[in-house]
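Positions -27 to -1, 1 to 357 (mature numbering (1 follows the signal peptide of the UniProt record, and there is no 0)) are the ones given, in order, by the sequence shown.
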Amino acid sequence: MKNRSVARCLAFLCAMAVLPAAPLATAVRKPSSLPPLTAQTELLRFSAGASGQAAGILQREKPDNQPKEEETSSAPAPVSSQPEAEESQPLPESSAALSLPEAYRVLDADSGQVMELSPFDYICGVTAAEIPIGFAPEAVKAQAVAAHSYALRQMGLQLKKPDPDLQGAFLSTDPAHFQAYLSKEERQELWGDSFEENEALLESAVQEVLSCILVYQGEPAAAAFHSISSGKTESAKDVWGREVPYLVTADSPEDAENPAGNGESSLTVQEAAAILSGHLETLSLPEDPAQWIQITERTEAGMVTSAKIGENTVSGEDIRSWFGLSSANFTVECSGETLTFRTKGKGHGVGMSQYGADAMAKEGHTWEEILARYYPGTEIARVG
């Protein structure tokens, strides 16, 4: 799981490095089998408040020839039979140019075959793989929109510069580099006797938001997500060194109260020394193990950005990777011959917190309001 999370971070960085994505207006066709859910494109514009969270008012923008109107608008742990909440992996001139493809070409990482999946089938498979179906429906819808936005963005990048390893596909089921995917058969095996009930919930949620895409300045957004934050999400600039206007620190207070975000990992000082020696070319450790890892800098949300290990300066993400920690928001304690890491949050912390989304949904918030909190400054484009 940890290696997959690190690989996803690298994959997201690669996607960010080639901003903007290729315009989709001339490359993506309207589906022939799936009727559009709306006859015209509408945008829900999210305005950010002083705290970095979206304001409570969503303004629905209609085409220029239409009048405007305004309208207002502690998560449990996943059931063991469901996939654990995971972490992931910004632009044509107008979002009105976006449309759904007839099919997503997806490379099956196991068989090596390229599948052609309808948008509905693909987003169902991705949503089921990326968030527990036991989470509240509005949270599942928010995940589906984020996943679909990511898929359209990656499709645009592949149309601009194809990756030969994808064999002509736009996406892959390899969760280390793209989004995870569960086929209907895999979902049936996973859910067992609960398959029909869970499948109905999944299909209902996806169908409702299938035509909704998260965009920034008219292009599909790089909608990063993670399992749970420490109570504040991280910014893309702090985690990946690249500023993204809508991937900024946002309050997610429900996460701070959720025990699912607390982790602990212990090992002997001998094991810790071996791990550090294996990753650092030169290493001279103090005699006192309590002094081995000295945290020197954190982000506003708490992620360790810099630490001293002997004469070496490393990042919190380095330490997270080396020791298999849930997040880079951690403390280190030494008692006798035991070194203990205590973590807050799970995942890289950027974008939507899935547990935070679930908590918001249980409080009565809509999927639009969930996305507004975690991706301030973005819009929802309805595409046919």
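By construction, the Cβ of each residue, glycine as well, lies at the ideal position given by its N, Cα and C atoms.
Based on the DSSP secondary-structure assignment, which residues constitute the bridge partners of residue i?
i, result
"Tyr189", "Glu192"
"Val87", "Leu80"
"Asn285", "Ile282"
"Ile266", "Ile282"
"Lys205", "Asp224"
"Lys319", "Ile201"
"Val113", "Per DSSP, none; premise fails for Val113."
"Ser145", "Leu80"
"Val277", "Arg271"
Applying the criterion that 16 or more other CB atoms from any shown protein chain within 10 Å of the CB defines a buried residue, is residue i buried or exposed?
i, result
"Glu230", "exposed"
"Pro92", "buried"
"Pro40", "In this prediction, Pro40 has a pLDDT of 30, which is less than 50 and means its spatial position is unreliable; nothing more can be read from the coordinates."
"Glu352", "buried"
"Lys134", "exposed"
"Asp211", "buried"
"Ser300", "buried"
"Ala101", "buried"
"Thr272", "buried"
"Glu170", "exposed"
"Pro262", "buried"
"Ser225", "buried"
"Gln127", "buried"
"Thr255", "exposed"
"Asp166", "exposed"
"Pro208", "According to the sequence provided, residue 208 is Ser. The question's Pro does not apply to it. Looking at its Cβ environment, which holds 16 or more other Cβ atoms inside 10 Å, Ser208 is buried."
"Ser308", "exposed"
"Ala280", "buried"
"Thr304", "exposed"
"Gly324", "buried"
"Ala117", "buried"
"Thr269", "exposed"
"Ser184", "buried"
Using DSSP with H/G/I as helix, E/B as strand and the rest coil, what is residue i?
i, result
"Gly236", "strand"
"Leu312", "strand"
"Glu75", "coil"
"Phe108", "coil"
"His252", "helix"
"Asn231", "coil"
"Asn302", "coil"
"Asp138", "helix"
"Phe198", "strand"
"Gln131", "helix"
"Arg271", "strand"
"Met333", "helix"
"Thr241", "strand"
"Leu125", "helix"
"Leu258", "coil"
"Val99", "helix"
"Asp224", "strand"
"Leu183", "coil"
"Glu176", "helix"
"Leu163", "helix"
"Leu344", "helix"
"Ser326", "strand"
"Arg215", "coil"
"Ser294", "helix"
"Ala(-7)", "Note on Ala(-7): pLDDT 42, under 50, position unreliable in the model; the coordinate value appears next. Three-state DSSP puts Ala(-7) in coil, outside helix and strand."
"Glu170", "helix"
"Ala28", "Confidence at Ala28 is low in this model, with a pLDDT of 28, below 50, so its placement is unreliable and no value can be given for it."
Could you tell me how far apart the beta carbons of residue i and residue j are, in whole angstroms, since I believe they sit closer than 8 Å?
i, j, result
"Leu312", "Ala115", "Between Ala115 and Leu312 the Cβ distance is about 38 Å, and since that is not below 8 Å, they are no contact."
"Ala274", "Thr206", "6 Å"
"Thr241", "Glu284", "Rounded, the Cβ-Cβ distance is 23 Å, inconsistent with contact."
"Ile96", "Ala354", "Not quite, the Cβ-Cβ distance comes to about 15 Å (not below 8 Å), so this is no contact."
"Pro110", "Ala196", "No, Pro110 and Ala196 are not in contact; Cβ-Cβ is about 19 Å, not under 8 Å."
"Val79", "Ser145", "7 Å"
"Gly236", "Ile201", "Actually they do not touch by this definition, with Cβ atoms about 10 Å apart."
"Ser72", "Gly350", "23 Å between Cβ atoms; not a contact."
"Ser239", "Asn302", "Ser239 to Asn302, Cβ: 17 Å. No contact."
Q | Cβ contact (3+ pairs, closer than 8 Å) linking the region 327 to 342 and the region 210 to 221 | A | As far as the Cβ criterion goes, the region 327 to 342 does not touch the region 210 to 221, which means the pair count is below three.
Q. Quick check: the region 116 to 133 against the region 141 to 152, are there 3 or more CB pairs under 8 Å?
A. Remark: three or more beta-carbon pairs, one from each stretch, lie closer than 8 Å, so the region 116 to 133 and the region 141 to 152 are flagged as touching.
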